[in-house]
Amino acid sequence: MNRSFPAVFAVLCASAFAQAAEVPEVLRVLPEGKLVKGATIAVVPPKELDKYLDIVETAARKNPEWFAEHSKKSAPGVPLPYHENLGLTKKEYEEYLAIWATREFRAVEPIVLRLTTTDDGMWKITTAGGAFPISTLKYDPKKDVMVSPNGELERLEDVAAEKDSILGAWTGHEWRFQEETSLGKTKENFAIGQTADGVYGMLVYRIQEVSAEGTPLYDNSIVIRFPLGEAGILKQEELQAPR
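In mature numbering (1 follows the signal peptide of the UniProt record, and there is no 0), the protein residues as written are -20 to -1, 1 to 223.
Shown next, in the form of structure tokens:
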């Protein structure tokens, strides 16, 4: 995209001189008070996967009950374990995994992040653009919860995603809010961490709303990747608007 950082995120720069504080361990992939450059990303599978997926989808239609049960053996976004009922030979399955490993993590929108404390002792990650929903979250270090307009997101087990997961190998911390009323269900997740190679930090956010009848009403996912350490901190020349 051609938009410059200052054009999109000037509101962050206006308060860039906050007093430093000790960052909670769960948020330490981000420095306190610094402007950190990153981008929302989309995972783009290779087109070569299509022929293998067509085979699996055909097999699933022939044996839906078995397929539903087999799908429970993998986390969402992770290739299913091999079984002959998938319709693939062992060789084809190995080819599928090799192609999946070449998926692209494509930058969609430039993002600037800034971790700050609030007057009530909480922490928040300020951003803008398509990633704005993350700015509505606050971390309460006393309770180890994330607080959103919906309520408190409770801490889950730490993330330890394998290389074949949709976002690749990464580790981090995750929180979830769930609510069911007579009107429907709401689920909100947030995770923060880093890639296994220690090069990038990760923010992952998703909110889903479903009606009481089970009809999807809203589903918004945001994945942000940013360089860790000094490589991610915006330099003065990058903050200058182009002439």
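Note that CB positions come from ideal geometry on N, CA and C, so glycine has one too.
For Val92 and Ile114, the rounded distance between their alpha carbons: 12 Å
Separation of Lys215 from His153, as counted between CA atoms: 28 Å
His50 - containing alpha helix (DSSP H), residue span: 44 to 51
Phe112 classed as buried or exposed, judged by whether at least 16 other C-beta atoms fall within 10 angstroms: exposed
For Leu133, the first and last residue of its enclosing alpha helix (DSSP H): No alpha helix (DSSP H) contains Leu133, which is instead part of the beta strand (DSSP E) from 131 to 135.
Where Val36 falls: helix, strand or coil (DSSP): helix
Residue from Gly131, Glu193, Ala19 whose Cα sits closest to the Cα of Lys167: Gly131
Rounded C-alpha distance that separates Gly212 from Ala149: 20 Å
For Val125 and Leu117, believed in contact at Cβ under 8 Å, the rounded distance: Contact doesn't hold; Cβ gap of about 10 Å is too wide.
Extent of the continuous beta strand (DSSP E) to which Lys167 belongs: 164 to 175
Gly18 - partner residues in DSSP beta bridges: Ile91
Inter-residue Cα distance where the pair is Phe170 and Phe157: 9 Å
Gln188 to Trp46 span [Cα, whole Å]: 27 Å
Buried versus exposed call for Thr38 [16 or more other C-beta atoms within 10 Å across all chains shown]: exposed
Straight-line Cα distance separating Ala81 from Leu197: 32 Å
Straight-line Cα distance separating Val184 from Ala55: 16 Å
Strand pairing of Met126, partner residues [DSSP]: Tyr119, Leu133
Exposed unless 16 or more other CB atoms sit within 10 angstroms - verdict on Ser51: exposed
Among Thr161, Tyr32, Glu64, Glu75, nearest to Asn43 - alpha-carbon criterion: Glu64
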